[in-house]
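Notes to accompany the following structure.
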Amino acid sequence: MKKCPKCGKEYPDIKNFCTICKERLTEEDTNKQHAEEQKRLKEKRYKYIAGIIAAVLLIAAFVVFLVPFQYKATQAYCENSTEAYTEYYVGEEPYTDIEAYHETGLYNTTDYVSYKMISTGKGIAKCRSGGSGCYCGGDIGTIQNADNISGKFAVEVSFFSSEQQTQSTKIGSYLSSSYLLNPGESQRVEVSYYKSECDKTKPTYYRIDGVISSTKEVIKNLTITKTRNVTKYKNVTKTREVTKHHSVKKQREITKNATLFGQWTGKAARYEDVNCRVND
Numbered sequence: 031m032k033k034c035p036k037c038g039k040e041y042p043d044i045k046n047f048c049t050i051c052k053e054r055l056t057e058e059d060t061n062k063q064h065a066e067e068q069k070r071l072k073e074k075r076y077k078y079i080a081g082i083i084a085a086v087l088l089i090a091a092f093v094v095f096l097v098p099f100q101y102k103a104t105q106a107y108c109e110n111s112t113e114a115y116t117e118y119y120v121g122e123e124p125y126t127d128i129e130a131y132h133e134t135g136l137y138n139t140t141d142y143v144s145y146k147m148i149s150t151g152k153g154i155a156k157c158r159s160g161g162s163g164c165y166c167g168g169d170i171g172t173i174q175n176a177d178n179i180s181g182k183f184a185v186e187v188s189f190f191s192s193e194q195q196t197q198s199t200k201i202g203s204y205l206s207s208s209y210l211l212n213p214g215e216s217q218r219v220e221v222s223y224y225k226s227e228c229d230k231t232k233p234t235y236y237r238i239d240g241v242i243s244s245t246k247e248v249i250k251n252l253t254i255t256k257t258r259n260v261t262k263y264k265n266v267t268k269t270r271e272v273t274k275h276h277s278v279k280k281q282r283e284i285t286k287n288a289t290l291f292g293q294w295t296g297k298a299a300r301y302e303d304v305n306c307r308v309n310d
């Protein structure tokens with residue numbers, strides 16, 4: 031092969047001049063030509079390989095970033111549930127009680143006829159022999175009806191025998207006669223008794239224990255205590271059946287779609303949580 035040194039066009043070996051430039055053709059170096067040919071082939075091969083790599087990378091990028099793939103994930107969900115149980119609580123319970131209260135008013139009642147002792151004896155009894163024993167007695171005093179109605183009165187007296195009045199032995203208690211006295215009327219009271227043994231060496235003393243008078247009907251302004259039924263309340267422990275509704279959190283496996291990039295980087299969630307209702 032020959033080649034024009036000016037325009038570079040190649041001609042067969044039989045040609046001597048370039049038909050375009052009219053320059054003499056020169057013969058090409060075969061080795062150099064072969065090397066250039068190999069260089070062109072290598073560059074062509076590199077371009078082909080680079081194209082394949084670029085295509086593969088493009089496809090890979092498309093697959094990784096754009097194409098979704100299925101993957102397994104865990105999902106939380108709420109399941110409604112009811113719970114029945116017995117609840118204890120403190121409550122009030124009524125009961126009937128008896129309550130005392132005071133009431134003031136005019137009431138018909140009984141009272142004793144009033145009296146007073148306008149005089150009293152000296153407290154020393156007189157004894158005299160009688161048969162195998164002694165009769166003892168004394169002037170007890172004078173009693174007066176101090177009321178506005180008539181009434182009966184009797185005086186109770188105790189007798190003692192001793193050498194000293196402060197250290198004596200009780201002989202007995204005796205009641206005087208009953209005296210009917212009108213208002214303001216008075217009566218001397220005498221009491222006597224008989225004892226089988228008579229020791230005159232020991233003096234006998236007496237003491238007025240009290241006066242028994244008759245009763246009368248009167249109207250008085252009194253405060254009396256009455257009772258009534260009232261309703262009160264006490265705390266008791268009671269029970270009641272209670273049903274509570276709440277949600278129980280459970281998990282299940284689901285299938286989701288996401289790109290490989292999303293799965294690798296964690297943008298594709300592997301777990302989905304949920305807030306369940308609190309017990310009520």
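With the sequence shown counted from 1, adding 30 to any position gets you the numbering used here. Every residue, glycine too, gets a C-beta built ideally from N, C-alpha and C. These numbers were taken from a predicted model, which means no experiment stands behind them.
Check	Outcome
Are S244 and V143 close, meaning C-beta to C-beta below 7 angstroms?	yes
I need the DSSP call for A103, collapsed to helix, strand or coil.	strand
What does DSSP give as the partner residues of V272 in its beta bridges?	Y115
Have a look at T285 and H276 and give me their C-alpha separation to the nearest angstrom.	28 angstroms
Considering only the alpha carbon of each residue, which of E227, I83, N251, G171 lies closest to H132?	N251
When the Cα of G160 is compared with those of A288, Y223, L87, Y204, which residue comes out closest?	Y223
Since I believe T269 is in contact with Y125 (beta carbons under 8 angstroms), could you give me their beta-carbon distance rounded to a whole number of angstroms?	Contact flag wrong, Cβ pair sits at about 19 angstroms.
Measure from the alpha carbon of L96 to the alpha carbon of each residue in A288, V86, G214, K232, then state which is nearest.	A288
Assuming F189 and I201 form a contact by the criterion Cβ under 8 angstroms, report the distance between their Cβ atoms to the nearest whole angstrom.	4 angstroms
Locate the beta strand (DSSP E) running through G171, then write down its first and last residues.	163 to 175
Take S162 and list the residues in its own chain whose beta-carbon comes closer than 7 angstroms to its own, dropping the five residues that flank it on each side.	S226
Spatial neighbours of D141 within its chain, please: C-beta separation below 7 angstroms, excluding the five flanking residues on both sides.	T245, K246, V248
According to DSSP, is K72 part of a helix, a strand, or is it coil?	helix
Considering L96, what are the terminal residues of the alpha helix (DSSP H) in which it resides?	Neither: L96 is in no alpha helix (DSSP H) and is coded neither H nor E.
Please classify G121: is it buried, with 16 or more other beta-carbons within 10 angstroms of its beta-carbon, or exposed?	exposed
DSSP has V219 in a bridge; who is on the other side?	G171
Okay, do the segment 174 to 187 and the segment 253 to 268 touch, 3+ Cβ pairs below 8 angstroms being the bar?	no
Which runs of the alpha helix (DSSP H) fall wholly inside the segment 221 to 302 and span at least 4 residues, in chain order?	290 to 295
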